[in-house]
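Residue numbers (my numbering): 228 to 381.
Below: the structure, in structure tokens.
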């Protein structure tokens, strides 16, 4: 049995109680399952988004960490900053109604949806302009090819 000083014990504890029989996943498995790099997982840990248990230097991820990573990836996919994602996740209270968290998530989501819709409109305009320009260029090529074909036939 290894003796550990109280300071070491405090440094190595995870504030989240572990359920009996809970399965842990190592960093490599976690990265592979969710299509992220080891560096990404370490970065999220450094930013306080994930809090894996430690067995020496080995990171062990719980079901809670998996759920948080899914939320992080969803948030990033829809354009939220990591700061926004953390702010929303940190309001989660497993024993509460989470009304404040839900209101914040809805507020941020409405604002992000408006930003995305504005971006879509700008992209649609750009696609339209590019398509029109391509049509003009194609027509110019057809017109320039026609005289060359006529002189080659004559």
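Glycine included, each C-beta is placed from N, C-alpha and C at the ideal position.
Quantities reported herein were computed from a predicted structural model and do not represent experimental measurements.
Residue 232 versus residue 326 - alpha carbon distance: With a pLDDT of 39 at residue 232, under the threshold of 50, the modelled position of this residue cannot be trusted; read the value that follows with caution. Their Cα atoms are separated by approximately 41 angstroms.
What alpha helix (DSSP H) runs, 4 residues minimum, are completely inside the segment 295-350? 309-317
How is residue 267 classed by DSSP in three states: helix, strand or coil? helix
If residue 314 sits next to residue 333, beta carbons under 8 angstroms apart, how far is it from one beta carbon to the other, in whole angstroms? Not a contact, Cβ separation roughly 13 angstroms.
Report yes or no: do the segment 292-308 and the segment 268-279 share at least 3 C-beta pairs separated by less than 8 angstroms? yes
My output table needs one value for residue 277: the three-state DSSP class, helix, strand or coil. coil
Let me confirm a value: residue 351 is counted as buried when at least 16 other C-beta atoms fall within 10 Å, else exposed. Which label applies? exposed
Buried or exposed for residue 289, please, with buried defined as at least 16 other CB atoms from any protein chain shown within 10 angstroms of its CB. buried
Round the Cβ separation of residue 343 and residue 306 to the nearest angstrom and send it over; I've been treating them as touching at under 8 angstroms. 6 angstroms
The alpha helix (DSSP H) spanning residue 255 covers which residue range? 254-261
Please name the residue, chosen from 283, 271, 321, that lies closest to residue 303 on a Cα-to-Cα basis. 271
Beta-carbon separation of residue 311 and residue 335 under 8 angstroms? yes
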